[in-house]
Amino acid sequence: MMGILVLVLFALLVFSIYHEARSLLNPFLLLAFLMTAYLAAGDFFYRHSLHTAYGIFLLILTALPLLIFWAALFLIYNGLVLLHKEGFSKLNLASLLLGILINIFFFLIYIRFSKPFHFAQPTFFDFLYAVGMFSFLIFGISFVAFMLYSILYLMIPKNKHYDYIIIHGAGLLDGNQVTPLLKRRIDKALEAFRKSKNPQVKLIASGGLGPKETISEAQAIANYIKEQASDIPKDRLLLEEQSHSTYENLLFSKQLAQKEMKAPRFLFVTNAYHVFRTSVYARRLHMAGDGLGCSTAPYYIPSAFIREFIAIVVYLKWLFIILYAWLIVSLFHIFFK
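Per the UniProt record's numbering, the very first residue in the sequence shown carries number 1; after that it's consecutive.
This is the structure in structure tokens:
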């Protein structure tokens, strides 16, 4: 029976990816498939008396809380490294704060289970503990699903024909120079441009004027291309200088392209961790196309993935609001009826 469920979930995942690889349903189908496949493997080992394999299965399962604890310690370490290398900012605190939050959660679990739990006389602390536990599960499962599918999405074969290649802007150095992170995006886009089989393909440098910047991010991208890639014709580079977010990068670039072509196809070039969310936004805007990711400094990746996940949660905020409303009403009914 478990084997049939695994096959059904796998078939649904493949069909969903084939139908729309940018769907937010895909991360949860992927995680459901992986978890069911793992449990099915354990069931198979047990029924066929494969004791060594079943022992490894149980060891991994029971070691999961410890792995999460060690992951939290790694996030704290990674957060300190990021602050040292990139400087203090709210965005750079993401991995550090998440690591601390997970450790606080484990501490609260220890306190809760060190005392007897009386269902007959639940306290408000018990209610808060239940909310915290469900929150940990909801966001933990969602984050793992998002992270795994973001990695898988990069491996899915993409359409090779594009009309426009969008280079997503990022903050500038000294207000007018591209940063190493933005250079990677530009270089990846130039590589895709040169490999394109469409002789009419164009680049769109996307990014407006940010705080403490003397030129727009789009202009900084264009300046870099003129200096480093003189083989790119001037008429093949368009500037989109209004945007201040990923969503606006796509929206205004789409409007710019549609002035020249009725149904353009796009390639969105950004960092690898950012590709799936960019593609989700592009789907919302009914933009045909795919994402292409460039490399990122390893120490930057954990915090970047966390920020991407937070952006997706904000994007789906009404879903989470409804979920929490249902959760709180249900818990009130259980604890204080």
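The beta carbon of each residue, even a glycine, is placed where N, CA and C say it ideally should be.
Query, Result
"Runs of beta strand (DSSP E) lying entirely within the UniProt domain \"DUF218\" (163-310), each at least 3 residues, in chain order", "164-168, 202-206, 237-240, 265-271, 288-294"
"Through-space distance from F125 to A21, alpha-carbon basis", "42 Å"
"Alpha carbon of G208 to alpha carbon of A257, nearest angstrom", "17 Å"
"Whether V275 touches G289 by CB criterion (7 Å)", "no"
"The stretch 212-224 in contact with the stretch 160-171 per 3-pair CB rule at 8 Å", "yes"
"Helix, strand or coil at S49 [DSSP, three-state]", "coil"
"Y110 versus L96: straight-line alpha-carbon distance, rounded", "22 Å"
"K226 vs Y164 beta-carbon contact at 7 Å", "no"
"Which of helix, strand or coil DSSP assigns to P157", "coil"
"Burial state of T246 (16 or more Cβ within 10 Å)", "buried"
"N103: first and last residue of the uninterrupted alpha helix (DSSP H) it sits in", "94-113"
"Given F113 as reference, the closest of M133, A94, N78, W326 once Cα atoms are compared", "M133"
"Spatial neighbours of F143 in its chain, beta-carbon cut-off 6 Å, leaving aside the 5 residues before and after", "F309"
"Burial state of P264 (16 or more Cβ within 10 Å)", "buried"
"Check whether S303 and A94 have beta carbons under 7 Å apart", "yes"
"Start and end residues, alpha helix (DSSP H) containing E20", "Segment: none, E20 is in no alpha helix (DSSP H) and carries neither H nor E."
"Where the alpha helix (DSSP H) containing F69 begins and where it ends", "64-86"
"Expected contact under 8 Å - CB spacing of V178 and I221 to nearest Å", "7 Å"
"C-beta atoms of I166 and Y224 nearer than 7 Å", "no"
"Contacts around F28, its chain only, beta-carbon distance under 7 Å, and the 5 residues preceding and following it disregarded", "A145"
"Nearest residue (CA-CA) to K254, options L80, M287, L137", "M287"
"Assigned secondary structure, L316 (DSSP; H/G/I helix, E/B strand, else coil)", "coil"
"Exposed unless 16 or more other CB atoms sit within 10 angstroms - verdict on G79", "buried"
"Same chain only: Cβ atoms within 6 Å of S150, ignoring 5 sequence neighbours per side", "F276"
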